[in-house]
Amino acid sequence: MNFGKKLDRCRMCNSSELYEFLDLGFLPPADKILTKSDLYNPEIHFPLKVAQCSFCGLTQLLYVVNPELLYGETYSYESSITETGKKHFFEMAENLCKRFNLNSSDLVVDIGSNVGILLESFKKNGLRIIGIDAAPRIVEIANQLGIETWRGFINKEIAQKIVNEKGKAKIVTATNVFAHIDNKKELMDSLRIFLDDKGIFVIEVPYFVDLIEQLEYDTIYLDHLEYLSIKPLVSFFKNNNMEVFDVEKYSIHGNSIRVFVSWKGNYKKSRNVENFLELEEEKRIYEKETLDKFARMVKQHKKDFLELIHNLKKQGGKIIGISAPAKGNTLLNYCKLHEYFIDYMAEKSSIKIGYFTPGMHIPIIDEEKLLDDKIDYGIIFAWNFADEIMRNPISQEFLKRGGKFIIPIPEIKIIDRIENFEKIGVTKFSKKNFAQISSGNRNYAKFSIENNNSFNMSLENNIMESFGVKIEKINPVHIDERGIISDLVNEPINNVGLITTEKDCVRGCHYHKKSKQYSYILSGKFEVLLASYDNLNNIKKVLLNAGELITIPPFVVHQFKAVERAVMINMESQSRAESGYEDDTFRVKLENI
Ligand SMILES: [Zn+2]
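The following block contains the structure:
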């Protein structure tokens, strides 16, 4: 299996001068949600490093994952899910039809058409349509919805098939997909085959200037090979005998640009193109200093976000994720927030429910569950749709019951009430009111974070206590970019052992008169039976999970059965040297209850 490749040269101009400025570590594909049985298999993580071409200015990932691995069976991004998204694409189709006088003989091809939400709007306008998408589940849904969609990646063969069966395309769209395509030569060769002489290629992508200014680093993930700005696009299309003739900006996906491209000289060039080029110079997005500063801010954000989450957990807060978008997985994996911190992700997309998030393996469950449990905080990972999410009836009820929302990006905010909330949806942005989407006059309560490096959270959360036995989840005492430090035991220990136990095998079945035992579960699960040595009829059964420490005082009979293969560190207050252990071990078999 070919996993992918390291990029040595710029994808657009072939320069070898790539300036690496950001390293987010090793991450699994953000859209590849996992089934329960996947959790028992290895999960591939890829380097997520970002560089900018010093020659043409294209910002791009330094490692390209084989697309077959990214857009396979479990690819889960369903684009029509939000009202904001639907409205955006509906208006896009309307605008294009009007602006370019499209009529019923014209063909629209959407590359990476997903479930067909954009094409549906073109279809309503009476146009002929065809969608191309690589993800089988998504293609199936689109065809069921009556949107003719072919499975595959765009290439010369499919381009020829389009021409043979449908004729040439007047409009070719690629919304949030252009930056996913590694083989740009194949794309351009395909356009030469199936884009009409008077045809228009319309790209919509998140804008790199906003990514920098709004600290949208969570939008960096393995699918997104490029973080686009106008300068590299202008020179790339010029080199391909095409021309960028207009650019517009929209507030979707944390601000996106819509780029209009045609064969050279076919359409009048708008002044907007120069405006955007000037803006990019003003914002200094092609300077190393700006890129380095961005990388420092990303690191600081991680630190602040972790500090908030750890402090909330320390106060006993129950935290879940609201919605499980791909970008949430960048944040979760980069910050290493696993199931201990985030109980589950409440999601409305039915194709994700029942699965687990990549990397951190947090269960994804129905959004209705938001109200079942006593949840204190809901992190809105799809922060670009925060307005819509917070206004839905379930969220409103959540707030009424005392729940709070956390918006992680661009600055960390905690929201416990919503006022002045009339503005929603797509706002068109111009150069003047550039990048103001996150301000406005809403009453967000901003969380202030004190600079404090350690969290002092060890050995809290007493889950269970009987016969003097304690089971507790071990929390970190310190976290930073190097990793995590946890205290297991702060008492005298004279023996430390590493013990593995195969599935269904039983250990223990004894008690000690002197030794106090501490067992920390590294992996796997135990079913533990406990009883006082003088009353073997009163048996307690508990489940012991990875990450938990059980403390067993003398005179308590303990019996461990591995529910699955388990590894633990066992610590005893008494030494096991010579016959020290056997002399203090008194065997009793407890019957399972
Ligand atoms: Zn370049």
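Numbering (numbering that gives the first Met the number 0), first residue to last: 0 to 592. Every residue, glycine too, gets a C-beta built ideally from N, C-alpha and C.
Within the same chain, 230, 231, 285 come within 6 Å of residue 56 by CB-CB distance, once the 5 residues on both sides are set aside.
A Cβ-Cβ contact shorter than 8 Å links residue 128 with residue 118. For residue 51, the closest C-alpha among the options 241, 290, 262 is that of 290.
When only Cα atoms are considered, residue 329 and residue 65 end up about 19 Å apart. Between the region 194-207 and the region 30-38 there are fewer than three C-beta pairs closer than 8 Å, too few to call the two in contact. A Cβ-Cβ separation of about 7 Å places residue 185 in contact with residue 155 under the 8 Å criterion. When beta bridges are read from the DSSP output, residue 245 appears opposite 259.
Distance from the Cα of residue 574 is smallest, within the candidate group 534, 584, 261, for 584.
Between the region 332-348 and the region 493-510, the count of Cβ pairs shorter than 8 Å is below three; the stretches do not touch.
In this structure, residue 543 lies near residue 524, with their beta-carbon atoms less than 8 Å apart.
Sixteen is the threshold: since fewer than 16 other Cβ atoms of the shown chains lie within 10 Å of the Cβ of residue 499, the residue is exposed.
Rounded to whole angstroms, the Cβ separation of residue 49 and residue 26 is 12 Å, and the two are not in contact under 8 Å. DSSP, read as helix, strand or coil, puts residue 54 in coil. About 37 Å separates the beta carbon of residue 378 from that of residue 467, a gap too long to meet the 8 Å contact definition.
When the five nearest sequence neighbours on each side are left out, the beta carbons in the same chain lying within less than 8 Å of the beta carbon of residue 546 are those of 339, 472, 473, 520, in order along the chain. The Cβ neighbour count for residue 504, taken over all protein chains shown within 10 Å, is under 16; the residue is labelled exposed. About 19 Å separates the Cβ atoms of residue 193 and residue 258, ruling out a contact at the 8 Å cut-off.
Within the chosen limit of 7 Å, ligand 1 does not reach the beta carbon of residue 23 with any heavy atom. CA-CA distance, residue 404 to residue 490, rounds to 40 Å. At least one heavy atom of ligand 1 lies closer than 7 Å to the C-beta of residue 11.
Secondary structure note for residue 27: it is in no alpha helix (DSSP H), with a DSSP letter that is neither H nor E.
Each of 146, 170, 82 was checked against the Cα of residue 100, and the nearest Cα belongs to 170.
In this structure, the straight-line span from the alpha carbon of residue 29 to that of residue 111 is close to 17 Å. In this structure, the straight-line span from the alpha carbon of residue 23 to that of residue 256 is close to 25 Å. Contact between residue 187 and residue 239 holds, since their C-beta atoms are separated by about 5 Å, short of 8 Å.
Short of 8 Å from the beta carbon of residue 233, and not among the five residues preceding or following it, lie these beta carbons of its own chain, in chain order: 243, 272, 276.
Taking the Cα positions, residue 176 is about 57 Å away from residue 529. Cβ-Cβ separation between residue 569 and residue 518: approximately 5 Å, consistent with a contact (criterion under 8 Å).
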